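Line by line, the protein sequences are chains E and D. Take the numbering used here: the last position of the first sequence gets the number 121, and nothing is skipped along the way. Take the numbering used here: the last position of the second sequence gets the number 121, and nothing is skipped along the way. Here a beta-carbon is modelled for each residue, glycine too, at the ideal position from N, C-alpha and C. Note that this is a predicted model, so its numbers are computed, not measured.
Number of protein chains: 2
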Amino acid sequence: MKTYAHPELKEVQLASVMHALSDPCRIAIVSALLEKPNLACNELPTEVSKATLSHHMEVLRGAGLIETRVEGAKCLSSVREDEMEAHFPGVLALVARD
Amino acid sequence: MKTYAHPELKEVQLASVMHALSDPCRIAIVSALLEKPNLACNELPTEVSKATLSHHMEVLRGAGLIETRVEGAKCLSSVREDEMEAHFPGVLALVARD
DNA sequence: TGTGTTGTTCTATATTTCTCGAACAATAAC
DNA sequence: GTTATTGTTCGAGAAATATAGAACAACACA
């Protein structure tokens, strides 16, 4: 479908990460992807429309929290765990505990 | 001047904490208060107006990040370090590293 | 009492963000 | 090919947020 842009984590601001995780819907998405990586959008625990979900995924991607790859007609997303832990240690643990 | 409301941290949502720290100005405030507690508003490193700063402090207070006490004509603020660490471990370290 | 300092509150504006429907593109399956 | 699935993009509306000026209240100090 398209190619996704994934920023280098060293260029991501802490404020961007915090902002990405300031929405309960996005926290739920990251939490779900931590428990079960490589989920397609429609497998995520949200009630919002496709358009809104696509927006939330883009915010999470822009903050370096998740990465998305195309797999046929689907696009599977996962949390960038190792990189996030290296650049923003503890953030994912907070989400997982939530 | 007034009495400040400080929420119980167990009733604070992770999303609220993240939102409070999603603004570079507020990150700078918390960072400064971590280095030097009990600062008055005019001792904080910001360029915004009094009204805006007052708003930012209220957001930080509402998220349980800081506590403010009246001291004469000033109001001195500090980070609620122990409580934050107990309820949202690692958050303050991220701010301090920033 | 008057003056300066400190910070809040009110009001208003500009910006950002969230949300969705509709249209679209790409793949999959029949 | 036709149809269904998947997700993006566009356009627009609603809601939240950031910002500051002005008025105000409380305190300090001379």
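Please classify residue i: is it buried, with 16 or more other beta-carbons within 10 angstroms of its beta-carbon, or exposed?
| i | result |
| --- | --- |
| SER45 of chain E | buried |
| HIS78 of chain E | exposed |
| ALA86 of chain E | buried |
| THR91 of chain E | buried |
State yes or no: is the beta carbon of residue i nearer than 9 Å to at least one beta carbon in chain E?
| i | result |
| --- | --- |
| MET41 of chain D | yes |
| PRO47 of chain D | yes |
| ILE50 of chain D | yes |
| PRO68 of chain D | no |
| PRO112 of chain D | yes |
| ASP105 of chain D | no |
| ALA38 of chain D | yes |
| VAL118 of chain D | yes |
| LEU32 of chain D | no |
| LEU57 of chain D | no |
| LEU62 of chain D | no |
| LEU44 of chain D | yes |
Please go through the same chain and pick out, in chain order, the residues whose beta-carbon is closer than 8 Å to the beta-carbon of residue i, but skip the five residues on each side of it.
| i | result |
| --- | --- |
| LEU88 of chain E | VAL40, ALA43, LEU44, VAL53, VAL102, ARG103, MET107 |
Out of the options, which one is the CA nearest neighbour of residue i?
| i | options | result |
| --- | --- | --- |
| VAL118 of chain D | E:LYS25, E:ALA28, E:GLN36 | E:GLN36 |
| SER72 of chain E | E:CYS48, E:ARG84, E:ALA116 | E:CYS48 |
| ARG120 of chain D | D:ASN61, D:ALA55, D:PRO60, D:TYR27 | D:ALA55 |
| HIS29 of chain D | D:LEU57, D:LEU67, D:LEU83, D:ALA51 | D:LEU83 |
| ALA63 of chain E | E:THR75, E:GLU81, E:GLU94, E:ILE50 | E:GLU94 |
| HIS110 of chain D | D:THR26, D:SER100, D:GLU34, D:PRO60 | D:GLU34 |
| LYS97 of chain D | D:PRO112, D:ASN65, D:MET80, D:GLU58 | D:ASN65 |
Quick one: is the Cβ of residue i within less than 8 Å of any heavy atom of the ligand NAP?
| i | result |
| --- | --- |
| ASN61 of chain E | In the structure shown, the ligand NAP is absent, as is every other ligand, since no ligand is present at all. |
Going by beta carbon distance, what residues of the same chain come within less than 6 Å of residue i, once the five residues before and after it are set aside?
| i | result |
| --- | --- |
| GLU51 of chain E | In the sequence as presented, Glu is not what sits at residue 51 of chain E; that position holds Ala. Cβ within range, chain order: PRO68. |
| PRO60 of chain E | SER101 |
Note down, in chain order, each residue of its chain lying with its Cβ closer than 7 Å to the Cβ of residue i, except the 5 sequence neighbours on either side.
| i | result |
| --- | --- |
| TYR27 of chain D | ARG84, THR91 |
Checklist entry - Which residue spans inside the region 87 to 120 of chain E form an unbroken beta strand (DSSP E) run of at least 3? => result 89 to 94, 97 to 102
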